[in-house]
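Undergrad: Protein sequence lines correspond, in order, to chains F and A. Quick note, my numbering runs 185 ahead of the 1-based positions in the first sequence. Quick note, my numbering runs 4 ahead of the 1-based positions in the second sequence. Beta carbons are placed, not taken as given, at the ideal position from N, Cα and C, and that holds for glycine.
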Amino acid sequence: GAGVSQSPRYKVAKRGQDVALRCDPISGHVSLFWYQQALGQGPEFLTYFQNEAQLDKSGLPSDRFFAERPEGSVSTLKIQRTQQEDSAVYLCASSPGGQAKNIQYFGAGTRLSVL
Amino acid sequence: SQQGEEDPQALSIQEGENATMNCSYKTSINNLQWYRQNSGRGLVHLILIRSNEREKHSGRLRVTLDTSKKSSSLLITASRAADTASYFCATNTGGFKTIFGAGTRLFVKA
Numbered sequence: 186g187a188g189v190s191q192s193p194r195y196k197v198a199k200r201g202q203d204v205a206l207r208c209d210p211i212s213g214h215v216s217l218f219w220y221q222q223a224l225g226q227g228p229e230f231l232t233y234f235q236n237e238a239q240l241d242k243s244g245l246p247s248d249r250f251f252a253e254r255p256e257g258s259v260s261t262l263k264i265q266r267t268q269q270e271d272s273a274v275y276l277c278a279s280s281p282g283g284q285a286k287n288i289q290y291f292g293a294g295t296r297l298s299v300l
Numbered sequence: 005s006q007q008g009e010e011d012p013q014a015l016s017i018q019e020g021e022n023a024t025m026n027c028s029y030k031t032s033i034n035n036l037q038w039y040r041q042n043s044g045r046g047l048v049h050l051i052l053i054r055s056n057e058r059e060k061h062s063g064r065l066r067v068t069l070d071t072s073k074k075s076s077s078l079l080i081t082a083s084r085a086a087d088t089a090s091y092f093c094a095t096n097t098g099g100f101k102t103i104f105g106a107g108t109r110l111f112v113k114a
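(1) Measuring alpha carbon to alpha carbon, tell me which residue in F:Q191, F:V189 and F:V204 is nearest Q268 (chain F).
(2) According to DSSP, is G253 (chain F) helix, strand or coil?
(3) Taking S260 (chain F) as the reference, which of F:F291, F:G188 and F:C277 has the closest Cα?
(4) Below 8 Å on C-beta distance, what does K101 (chain A) contact in chain F?
(5) Can you find a CB in chain F that lies within less than 7 Å of the CB of L47 (chain A)?
(6) Residues in its own chain within less than 6 Å of A14 (chain A) by CB, not counting five upstream and five downstream?
(7) Measure the C-alpha to C-alpha separation of L262 (chain F) and Y233 (chain F) and round it to an integer number of angstroms.
(8) With distances taken from CA atoms, which of A:Q18, A:A82 and A:I33 is nearest S72 (chain A)?
(9) Just to confirm my understanding: we take S5 (chain A), look at its own chain, exclude 5 residues before and 5 after, and list those with CB closer than 7 Å. What are they?
(10) Consult DSSP for E270 (chain F) and reduce its assignment to one of helix, strand or coil.
(11) Below 8 Å on C-beta distance, what does Y105 (chain A) contact in chain F?
(12) Apart from the five residues on each side of it in sequence, which residues of its chain come closer than 6 Å, Cβ to Cβ, to N26 (chain A)?
(13) Using 7 Å as the threshold, is the C-beta distance between G257 (chain F) and E229 (chain F) below it?
(14) Name the chain A residues whose beta carbon is nearer than 9 Å to that of L276 (chain F)?
(15) Kindly indicate if chain A contains any beta-carbon less than 7 Å away from that of G294 (chain F).
(16) Run through chain A and tell me which residues come within less than 9 Å of Q289 (chain F), C-beta to C-beta.
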């Protein structure tokens, strides 16, 4: 497909489980972003990759959150020992340039529910 | 924490009317962008206005930027039922972060 693809679309996890969320950016896009969106709120920045380099991870809420993009394309956001407050939609976006100020193309998101 | 604050939080209008949404932010910016999000979907970019621009148009959209007041407005003219969505402003201050506001929920009644 031509757009940003995220999988799974929905994930239900029991508290304490580990989850992995996948993002396939638009081919050739240098920049990749992860956001967390709570119900009724705007997206909150989690982390930014330029190719395989994670240049900003200041938005990750705790050390239970980990993101990687080892080959500079597909990215995975991993949440360890999930807690109820992790329930949210996780959005991935990519951008062709190497700067964060450019237009971002978003995937449909993964809705995570932690029971 | 979110830099942008949209106003109003929710807006309900009749088809054909104009819709105006406002965004205020706190620090100097490189540019300001507006995005739309339909229920259950990702965000779609609408328009980008640079810090040295004051007004920009794209189809039925008109965006203004007042850097002295740290505010922006999005005007949708001749609204349609399909414009029903949440609208977010987003700012970049030069680093790698893009900061989104909490959004305005627009409902256009047919």
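TA: Once the coordinates are examined:
(1) The residue given as residue 268 (chain F) occupies position 83 in the first sequence. Nearest option by C-alpha distance: F:V204.
(2) In the first sequence, residue 253 (chain F) corresponds to position 68, counting from 1. Note that residue 253 (chain F) is Glu in the sequence shown, not Gly. If DSSP states are grouped into helix, strand and coil, E253 (chain F) belongs with the strands.
(3) Numbered from its first residue, the first sequence carries residue 260 (chain F) at position 75. Comparing Cα-Cα distances from S260 (chain F) to each of F:F291, F:G188 and F:C277, the minimum goes to F:C277.
(4) Numbered from 1 along the second sequence, position 97 holds the residue referred to as residue 101 (chain A). Contact note: K101 (chain A) reaches chain F through F230, Y233, D241, S243, G244 and A285, using a C-beta cutoff of 8 Å and chain order.
(5) If you number the second sequence from 1, residue 47 (chain A) lands on position 43. Answer yes: the Cβ-Cβ gap between L47 (chain A) and chain F drops below 7 Å somewhere.
(6) For this step, residue 14 (chain A) is matched to residue 10 along the second sequence. Non-local C-beta neighbours of A14 (chain A) in its own chain, meaning closer than 6 Å and more than five positions away in sequence, comprise R109, ordered along the chain.
(7) Translated into the one-based positions of the first sequence, residue 262 (chain F) becomes position 77. Translated into the one-based positions of the first sequence, residue 233 (chain F) becomes position 48. If you take the alpha carbons of L262 (chain F) and Y233 (chain F), they lie about 11 Å apart.
(8) For the purposes of this step, residue 72 (chain A) is taken as residue 68 along the second sequence, with counting starting at 1. For S72 (chain A), the nearest C-alpha among the options comes from A:I33.
(9) The count along the second sequence starts at 1 and reaches residue 5 (chain A) at position 1. At S5 (chain A), the pLDDT of 46 sits below 50, so the modelled position is not reliable; the number obtained from the coordinates is stated separately. There are no such residues.
(10) Reading the first sequence from its first residue, position 85 is the one you call residue 270 (chain F). Of the three classes helix, strand and coil, the one that applies to E270 (chain F) here is helix, per DSSP.
(11) What you label residue 105 (chain A) is simply residue 101 of the second sequence in a count that begins at 1. It should be noted that the sequence gives Gly, not Tyr, for residue 105 (chain A). In chain order: G227.
(12) Taking the first residue of the second sequence as position 1, residue 26 (chain A) is located at position 22. Cβ neighbours of N26 (chain A) beyond the five flanking positions: D11 and S77.
(13) Sequence index remark: in the first sequence, residue 257 (chain F) carries index 72 (1-based). Sequence index remark: in the first sequence, residue 229 (chain F) carries index 44 (1-based). No. Outside cutoff.
(14) As a working mapping, residue 276 (chain F) is identified with position 91 in the first sequence. In chain order: G46 and L47.
(15) Here the question's residue 294 (chain F) lines up with position 109 in the first sequence. G294 (chain F) counts as touching chain A.
(16) By one-based count along the first sequence, residue 289 (chain F) stands at place 104. Result: Q37, Y39, L47, H49, A94 and T102.
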